[in-house]
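Right, one structure below, let's go through it.
Numbering (the UniProt record's numbering), first residue to last: 1 to 690.
See the structure below:
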């Protein structure tokens, strides 16, 4: 009966444990949700306070909106404090009692159950050993041990059983406490939370909320009115724009404007993909001063297509397409074939580019001058002559035209920029000095000193790692540092001894770019080595320019804008003019101007130490050669003396040998005669034969 009743209590304890675990999870979710609500409310209040710091592109300084949101942030911040207090009360009054019951009381039941099971098993084992005692010669010692074991196990089982049963009985009361106490704490916490909320939500706040609701309704009515007006505007525009939906409207109804000096719109550009194949790409084109720009869809800004000052434009037939025209640059090196969408755009683009090429846009009333100049539309556009003819025909016009600087990615700012020349310092930068805005190799027929660098400027890294029989010039350099730079411009300078020349060059180049809207910059990789500075194309890894390190005589960073830096390169003149010239190159980096200058300084120090080591090595080699030569002379003198001594010794030995030879012949002759006298006739014959 006890075992059966114990099974019922244990089953009830297991059911209580299962139910309490589920209830604990549910209450823990309430507690987690309350913590998340408190954190989210606090974050909302924080974001509302930061509204005044936001810079919306279309939003102005709305003080009313800012103050309203600040008031909301204050109220929500108070609610966040109430939620934080509620979270603390839930943790103390709800989660703590049920956690204690789950972790302490239920685990105690499980522990006592295991201990009771072990004691019961020990008692059964002791009884089994006691039952096996023999009735024959009983061993008193063994009997006493088994009896003691039975006594101990039975006592332990009884004590454990009493504690276990007591815990099971107590569990029935603790179950009621653990269920009611957390619920009581939860309700008290909620009541306290609502009391704090009612205290915070005063009549003043209710009036504020009423005013805000009225404002929202007014804004909604304004929005509905604005939407209605926009819908009416859309209907009017649809009726008025119906003829413009045609890709090629009637030229009689929509004539072309031939006096434009600015034009923008979509064009199809022809790109050659092979010897006889090509593709067409649609992009947005626009003119900016004397430049033709293009901007692909998704790009932030446009890029330079070509400089159309003094360019030529003409209508062409291309691949059986309509409305095609060709633009050829001033120097004849670059041309582009474009296709317009309609005949109107086609004529307007040709007339606009023709007006810009004549630099009419630089005058005060460009449209009036264009109206006088343009006597016809397409008839005024002539095919472009050869580069030599156009260059000869335009040379006098360029010299006699009014001061107006050309704007180009590779253009120059010369005597045309009177305002800029007035600002320059004559002692540093000569007036009327041209400015180069793009990277062009300085190699020409008049600069033989840099002809070698021209071959290196087009050198490309072998992707397979093969040297091709030539060793890279920077392979032995112990310094290799690479920086990302953007070329701003370069110009010839008079002085190369003071950093002021770099600062003045930076000022003039930046001013020229701002005045003439030159925004494009060529990005390159600047490689600093112990031998030279290299500008490398990041896409093709081709060396664009190479500056020998000994020719870099000055380098400096801008005093305020540390991204700007420049250096002065001293070059030798050509065959006609043998004087040395100094050119200042200005770049923009990614906040690495000082690092680049430090790297160049380190490279020059390494090169200087290497040069000193080389000279010391050459001097030591010269000393070694002199010593070796002296040693050779000394050895030669000793060899001559030794040869003379050896010759004297040979002569003396030869004389002694001749004397001893004569004496020997005499002795032999005498002995032979005495022997002949002693021999008989036969002996004499034998002797003679011998």
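All C-beta atoms in this analysis are idealised placements derived from N, C-alpha and C, irrespective of residue type, glycine included.
With 16 other Cβ atoms within 10 Å as the buried cut-off, status of residue i
i: residue 408; result: Unreliable positioning characterises residue 408 in this predicted model, as indicated by a pLDDT of 33, which lies under 50. The coordinate reading is nonetheless provided below. With 16 or more Cβ atoms within 10 Å of its Cβ, residue 408 is classed as buried.
i: residue 468; result: Low per-residue confidence applies at residue 468: pLDDT is 42, beneath 50, and the placement is therefore not dependable enough to give any value.
i: residue 245; result: exposed
i: residue 193; result: buried
i: residue 329; result: buried
i: residue 97; result: buried
i: residue 506; result: buried
i: residue 236; result: exposed
i: residue 482; result: exposed
i: residue 496; result: buried
i: residue 195; result: exposed
i: residue 8; result: exposed
i: residue 310; result: buried
i: residue 132; result: exposed
i: residue 538; result: exposed
i: residue 513; result: buried
i: residue 18; result: exposed
i: residue 347; result: buried
i: residue 173; result: exposed
i: residue 667; result: The predicted model places residue 667 with a pLDDT of 42, which falls under 50 and marks its position as unreliable; any figure quoted below should be read in that light. Classification of residue 667: exposed, given that the 10 Å Cβ count is below 16.
i: residue 436; result: buried
i: residue 225; result: exposed
i: residue 393; result: Low confidence applies here, because residue 393 scores a pLDDT of 40, under 50, leaving its location unreliable and the question unanswered by this model.
Reference residue i, options the options, closest by Cα
i: residue 590; options: 36, 524 and 77; result: 524
i: residue 336; options: 298, 646, 270 and 349; result: 270
i: residue 108; options: 150, 62 and 166; result: 166
i: residue 603; options: 26, 278 and 555; result: 555
i: residue 315; options: 299, 349 and 331; result: 349
i: residue 297; options: 571, 265 and 50; result: 265
i: residue 68; options: 268, 508, 282 and 205; result: 205
i: residue 362; options: 94, 260 and 173; result: 260
i: residue 292; options: 256, 304, 633 and 251; result: 304
i: residue 530; options: 547, 540, 516 and 541; result: 547
i: residue 30; options: 434, 186, 210 and 626; result: 186
i: residue 324; options: 88, 338, 333 and 219; result: 338
i: residue 486; options: 5, 439 and 626; result: 439
i: residue 321; options: 637, 286, 366 and 278; result: 278
i: residue 478; options: 532, 494, 521 and 626; result: 532
i: residue 6; options: 281, 169 and 111; result: 169
i: residue 307; options: 295, 289 and 255; result: 289
i: residue 65; options: 76, 77 and 49; result: 49
i: residue 162; options: 152, 113, 210 and 189; result: 113
i: residue 53; options: 70, 41 and 372; result: 70
Residue i (DSSP reduced to helix, strand or coil)
i: residue 424; result: Per-residue confidence for residue 424 stands at a pLDDT of 41, beneath the threshold of 50, marking its modelled position as unreliable; no derived number is given.
i: residue 266; result: strand
i: residue 394; result: Low confidence applies to residue 394: its pLDDT is 37, below 50, so where it sits in the model is not reliable, and the reading given next is rough at best. Correct three-state label for residue 394: helix.
i: residue 283; result: strand
i: residue 318; result: strand
i: residue 328; result: strand
i: residue 337; result: strand
i: residue 365; result: coil
i: residue 435; result: strand
i: residue 20; result: helix
i: residue 275; result: coil
i: residue 225; result: helix
i: residue 307; result: strand
i: residue 313; result: strand
i: residue 211; result: helix
i: residue 294; result: strand
i: residue 217; result: helix
i: residue 481; result: strand
i: residue 288; result: strand
i: residue 258; result: coil
Tell me, please, whether the segment 341-349 touches the segment 229-241 by the rule of three or more beta-carbon pairs shorter than 8 Å. no
Would you call the segment 190-209 in contact with the segment 66-83, where contact means no fewer than 3 C-beta pairs closer than 8 Å? yes
Across the segment 126-134 and the segment 146-155, are there enough close Cβ pairs to call them in contact, namely three or more that are closer than 8 Å? yes
Inter-stretch contact at 8 Å, needing at least 3 Cβ pairs: the segment 175-190 / the segment 84-104: yes
Write down every uninterrupted run of the beta strand (DSSP E) in the UniProt domain "PID" (483-619) whose length is 3 residues or greater and which is fully enclosed by it, in chain order. 522-528, 532-536, 543-548, 552-557, 564-571 and 581-589
Should the segment 487-505 be called in touch with the segment 582-596, which here means at least 3 C-beta pairs below 8 Å? yes
Taking one C-beta from the segment 36-48 and one from the segment 114-122 each time, how about it: are there three or more such pairs within less than 8 Å? Result no; under three Cβ-Cβ pairs closer than 8 Å.
Alpha helix (DSSP H) runs contained entirely in the segment 28-111, provided each spans 4 or more residues: With a minimum length of 4 residues, the unbroken runs of alpha helix (DSSP H) contained wholly in the segment 28-111 fall at 63-90 and 96-100.
Minimum length 4: unbroken alpha helix (DSSP H) runs contained in the segment 106-181: 106-131
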